[in-house]
């Protein structure tokens, strides 16, 4: 517990933040939407880590999930459809002191924002990347998403989605310099909380695919998973997500998986008959782009001016 | 042996002239540009006014000996400041005869232009090449060019085994002899150019230079003297010699912006090349993004976080960035966009000049998306306008589009070295507490201006959104909020306009014809106007730097002239073309704006030849239009 030191004395904070400090406007997602659970988990991580709200920025694109910044008490950037990641990376590039969260969805990240998803993973900038995957376009009212299961009836495919769903985990794991890949479901709050906390603490891009309920448009998709925990396999490991017994006993399938094993992670991700939950892959030593892009941030205006005069002198005739 | 034309034999050896235009034209990769740039720098250092412009094919290695593959450089040197590429060349060095054809089509040469032509093709082992060569030489002479067939490669072979690389320095030596350039200065420039390649390479290039110098002395009866600019015009001033893209890069550094986020696109990219080489010295970083959209998004992210950033692009890139720019307008994020225009639409003419993106800059976004649009008219302005753009962006909390073009990007000119000071630079980021009672868009209802909270400021937490919003940045779909937000975002530009001065007229304050231009055409238009005025025509010109907001007082100025017309490098219908009537005629872009702005019947002349406008060409058009005007008057009389 925070505040309590090992010697049982209480740590006194100059500023102590409560859940209220991380609350923004009242969440206006539909009742029963999985996004509420993600919001609460993220707020708890921020509170437990005592992250200064003014030093956090939550960046999002467009879609139901991308409303998240409005419900947080941090700074927020609710930008364009598919373009949360370039903005988040830009924020981090010259302000590595800021804590960055990204809220995006299956349409936002895996469809219109695909290029940025791939390249942001490669940049591996220190941020927590939450993909709310409900396998449907909710905000625009039930169009097929890249992860919609084949046969799902949508407004763009009224006779059922035509293609096999896209597997975002194998794609993510295939990107050079990827450093943290996890999967959770919104209806398991302890696992969700622990996974987001691990992603937050990881230096690099903490990619978390959150399988998420949309009770309005893709209820069948999530109901089936909720009712059949054997559709999942819980990944356990000392280096993985800490899992309480009360969580693990909900899952009949459990597997010891070393998150440093990329090859095994890929096999688990590719097996769509049993969806892995927990930490698939973790490399704490991957290069972070902000360590390069922030070169010279500490220079004073005087130093910049002197540097510029040197550059000018070199080309003065 | 050398075939010197008979006319030349009788001419005096040394000629004094106030200006001269030299071209070196070759296949790609033969170093013509390097030789020309060095020659231009030597001339600048010796006190001449200089303008150099590159002749660039669209492909990296187009087929050899093809007219479309012409690659090279033009150097205009003078005893006065030069502001444009000028008209026809006086001397051209050509490494093969085919590349000259494309220059002839472009009107680059005149009767009497001296052509120093590589002659090795005359005896080529391929019969077709021998025939092409003989035919071309005959044609050139028929058209009045004075062709000197010269064994350039043969002379170089005495020094190096492969003259394809190296003959450019031989040519530099020739030109330095023809124009009596300072040999030590030229050799110093060569040493600087090849510094990274080591002493041996420098030595070989020096030998090639010497050989070329001697060759010109022994075999060419050509000698010109272009005296330097008067000392009083140069005294006490320090100069730098750059192209417009390098000037943009220097401007970024001078502005204190720490980030340029870009995606490669011709002809903008070389600005980032230059920055990538030196930016670390001022603590900056060039981010090469995965695409144009991400480049804009990355810059906007940085700006949002308090470090105003710059993105540099060209037309197609602007199109891709337009949604991002709309977001920056809506959410009032400072951002500098340098737009180096090329020929369009679509992929268009990537390496060639056009001023076709003016309206796209102003209106190329859905909804009402006003932002500052300014245009640099000189290479020097490319530098200073970036500094101004950063300031405007932050003061007015807006994106600023700075328009330049391929002509400025590749033109090289000496100009006064800037003397930067601390107030040019962005101040350190403000992280003091924000009074939480002040909303993030605390619009001044008169000016639309508002201070901006930056992440890290305690109490300033807000959610930036691209949705319609209140002054608290709360999403709002109600009528009043949207109307008010739009009012405030527009009002800022009226506030900016109130700080601007009316533009200065070049020439008399009243007269028959006023030519209005913008961007890189400044030098050519003013030279054309000066020439026409010298012939007694009552012509003046005016050049706009601010497009949005428009510079004040235009209508009052326009009313003092009988006719107003714009001269631009973008498309407009020729009024005499088939089917073109007053109703169907499409006007040039600035003309369209000015007609709406002033309700005056403004005419225009514009072409999309892909090359910079030449002063002689402009002058002819102006005089023609003026004569039409006089004709109209006499009819109505």
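Residue numbers (this note's numbering), protein chains in the order written: chain A, 2 to 318; chain B, 462 to 1098. The beta-carbon is built from N, C-alpha and C at its ideal position, and this holds for glycine as well.
Status (buried if at least 16 other CB within 10 Å, exposed otherwise) for residue 774 of chain B: By one-based count along the second chain, residue 774 of chain B stands at place 313. Flag for residue 774 of chain B reads buried.
Beta carbon of residue 1099 of chain B nearer than 8 Å to that of residue 512 of chain B: For residue 1099 of chain B there is no data in the structure shown, the boundaries of chain B being 462 and 1098.
Chain-ordered neighbours of residue 876 of chain B on chain A, where CB pairs are closer than 8 Å: The residue given as residue 876 of chain B occupies position 415 in the second chain. Ordered by position in chain A, no residue passes the 8 Å Cβ test against residue 876 of chain B, which lies about 11 Å from the chain.
Pair within 8 Å by beta-carbon distance, residue 904 of chain B and residue 893 of chain B: Against the second chain, residue 904 of chain B aligns to sequence position 443. Against the second chain, residue 893 of chain B aligns to sequence position 432. No.
Residues of its chain near residue 154 of chain A, where Cβ-Cβ distance is below 6 Å and the 5 sequence neighbours each way are ignored: On the first chain, position 153 is the one that residue 154 of chain A refers to. Once the five neighbours on either side are set aside, the close Cβ partners of residue 154 of chain A are 161.
Burial state of residue 1103 of chain B (16 or more Cβ within 10 Å): The question about residue 1103 of chain B has no answer, for chain B in this structure spans 462 to 1098.
Any non-hydrogen atom of the ligand FAD within 7 Å of residue 792 of chain B CB: Because no ligand of any kind appears in the structure shown, any question about the ligand FAD cannot be addressed here.
Residue 844 of chain B: contacting residues in chain A (beta-carbon distance under 8 Å): By one-based count along the second chain, residue 844 of chain B stands at place 383. Result: empty, since nearest Cβ-Cβ is about 10 Å, beyond 8 Å.
Stretch pair the stretch 586–602 of chain B + the stretch 541–556 of chain B: three plus CB contacts closer than 8 Å: No: the two stretches stay apart, fewer than three of their Cβ pairs being nearer than 8 Å.
Beta strand (DSSP E) segments (min. 3 residues) lying fully within the stretch 1015–1057 of chain B: Segments of the beta strand (DSSP E) lying fully in the stretch 1015–1057 of chain B: 1022–1029.
Chain-order list of residues whose beta-carbon lies under 7 Å from that of residue 230 of chain A (same chain, five-residue window excluded): To locate residue 230 of chain A, count along the first chain from 1; it is residue 229. Closer than 7 Å at the Cβ level, and outside the excluded window around residue 230 of chain A, lie 251, 252, 253.
Selected residue, minimal CA-CA separation from residue 506 of chain B, among B/1050, B/657, B/846, B/538: Here residue 506 of chain B refers to the residue found at position 45 of the second chain. When each option's Cα is compared against that of residue 506 of chain B, the closest is B/538.
Inter-residue CB distance, residue 187 of chain A and residue 228 of chain A (contact presumed, cutoff 8 Å): Within the first chain, residue 187 of chain A is the residue found at index 186, counting from 1. Within the first chain, residue 228 of chain A is the residue found at index 227, counting from 1. Contact between residue 187 of chain A and residue 228 of chain A is ruled out by a C-beta separation of about 15 Å, above the 8 Å threshold.
For residue 987 of chain B, the residue or residues it bridges with in DSSP: Along the second chain, read from residue 1 onward, the residue named residue 987 of chain B stands at position 526. DSSP, once it has assigned bridges, lists no residue as partnering residue 987 of chain B.
Proximity test, Cβ basis, 8 Å: residue 94 of chain A and chain B: Taking the first residue of the first chain as position 1, residue 94 of chain A is located at position 93. Against chain B, the CB of residue 94 of chain A has a partner CB under 8 Å away; the residue lies at that interface.
DSSP beta-bridge partners of residue 257 of chain A: Residue mapping note: residue 257 of chain A aligns to position 256 of the first chain, counting from 1. Note: residue 257 of chain A is bridge-paired with A/237 in the DSSP secondary-structure output.
Option in A/225, A/108, A/215, A/237 with minimal Cα separation from residue 33 of chain A: Numbered from 1 along the first chain, position 32 holds the residue referred to as residue 33 of chain A. With distances taken between Cα atoms, residue 33 of chain A lies closest to A/215.
Same chain only: Cβ atoms within 6 Å of residue 978 of chain B, ignoring 5 sequence neighbours per side: Working through the second chain from its first residue, we reach residue 978 of chain B at position 517. Listed in chain order, the non-local C-beta contacts of residue 978 of chain B below 6 Å within the same chain comprise 986, 1004, 1028, local neighbours out to five positions each way being set aside.
Contacting positions in the stretch 54–86 of chain A - beta carbon closer than 7 Å to chain B: From the stretch 54–86 of chain A, only 54, 55, 56, 58, 70, 71, 74, 75, 76, 77, 78, 79, 80, 81, 84 have a Cβ closer than 7 Å to chain B.
Identity of the residue in B/899, B/778, B/1033 nearest residue 934 of chain B by Cα: Numbered from its first residue, the second chain carries residue 934 of chain B at position 473. The residue with the shortest Cα to Cα distance from residue 934 of chain B is B/899.
Beta-carbon gap between residue 91 of chain A and residue 959 of chain B smaller than 8 Å: On the first chain, position 90 is the one that residue 91 of chain A refers to. On the second chain, position 498 is the one that residue 959 of chain B refers to. Taking 8 Å as the Cβ cut-off, residue 91 of chain A and residue 959 of chain B do not qualify as a contacting pair.
Contact the stretch 166–183 of chain A vs the stretch 272–284 of chain A: 3+ CB pairs below 8 Å: With contact defined as three or more Cβ pairs closer than 8 Å, the stretch 166–183 of chain A and the stretch 272–284 of chain A are in contact.
When B/770, B/500, B/574 are compared against residue 650 of chain B, the one with the closest alpha-carbon: One-based indexing of the second chain puts residue 650 of chain B at position 189. The option with the nearest alpha carbon to residue 650 of chain B is B/500.
Cβ neighbour criterion (16 or more within 10 Å) applied to residue 587 of chain B: Taking the first residue of the second chain as position 1, residue 587 of chain B is located at position 126. Per the 10 Å Cβ criterion, exposed.
Interface residues of the stretch 282–306 of chain A facing chain B [CB-CB below 9 Å]: So the close ones are 290, 293, 294, 295, 296, 297, 298, 299, 300, 301, 302, 303, 304, 305, 306.
Limits of the beta strand (DSSP E) - the one that residue 210 of chain A falls within: If you number the first chain from 1, residue 210 of chain A lands on position 209. Here the beta strand (DSSP E) through residue 210 of chain A covers 206–212.
C-alpha distance - residue 683 of chain B paired with residue 504 of chain B, whole-angstrom precision: As a first step, residue 683 of chain B is located in the second chain; it is residue number 222 there, counting from the start. As a first step, residue 504 of chain B is located in the second chain; it is residue number 43 there, counting from the start. Cα to Cα, residue 683 of chain B sits roughly 18 Å from residue 504 of chain B.
Interface residues of the stretch 746–775 of chain B facing chain A [CB-CB below 9 Å]: Considering only beta carbons, the part of the stretch 746–775 of chain B lying closer than 9 Å to chain A consists of 746, 748, 750, 751, 752, 754, 755, 756, 757, 758, 759, 760, 761, 762, 763, 764, 765, 766, 767, 768, 770, in chain order.
Own chain partners of residue 544 of chain B with C-beta closer than 6 Å, once the 5 adjacent residues on each side are dropped: Counting from one through the second chain, the residue named residue 544 of chain B turns up at place 83. Sequence-distant partners of residue 544 of chain B (beyond 5 residues in either direction) whose C-beta falls short of 6 Å from its own C-beta, in its chain, are 984.
Cβ pair count under 8 Å reaching 3, the stretch 116–136 of chain A against the stretch 171–182 of chain A: A contact exists between the stretch 116–136 of chain A and the stretch 171–182 of chain A.
Residue environment, residue 1097 of chain B, which counts as buried when at least 16 other CB atoms sit within 10 Å: Sequence index remark: in the second chain, residue 1097 of chain B carries index 636 (1-based). With a pLDDT of only 45 at residue 1097 of chain B, under 50, the local geometry of the prediction cannot be trusted, and the value read off the model is given with reservation. Under this definition residue 1097 of chain B is an exposed residue.
Near-chain A residues of the stretch 690–702 of chain B (beta-carbon distance less than 9 Å), N- to C-terminal order: Cβ contacts with chain A come from 699, 700, 701, 702.
Test item: CB-CB of residue 563 of chain B and residue 532 of chain B under 8 Å: The count along the second chain starts at 1 and reaches residue 563 of chain B at position 102. The count along the second chain starts at 1 and reaches residue 532 of chain B at position 71. Going by C-beta atoms, residue 563 of chain B is not nearer than 8 Å to residue 532 of chain B.
Of the listed residues B/611, B/955, B/630, nearest to residue 906 of chain B (C-alpha basis): If you number the second chain from 1, residue 906 of chain B lands on position 445. Among B/611, B/955, B/630, the Cα nearest to that of residue 906 of chain B is on B/955.
Residues, ordered as in the chain, of the stretch 162–191 of chain A that lie near chain B by beta-carbon distance below 7 Å: Residues: none.
Close Cβ partners of residue 581 of chain B (< 6 Å) along its chain, the five nearest in sequence each way excluded: For this step, residue 581 of chain B is matched to residue 120 along the second chain. In the same chain as residue 581 of chain B, and ignoring 5 residues on each side of it, the C-beta atoms closer than 6 Å to its own belong to 614, in chain order.
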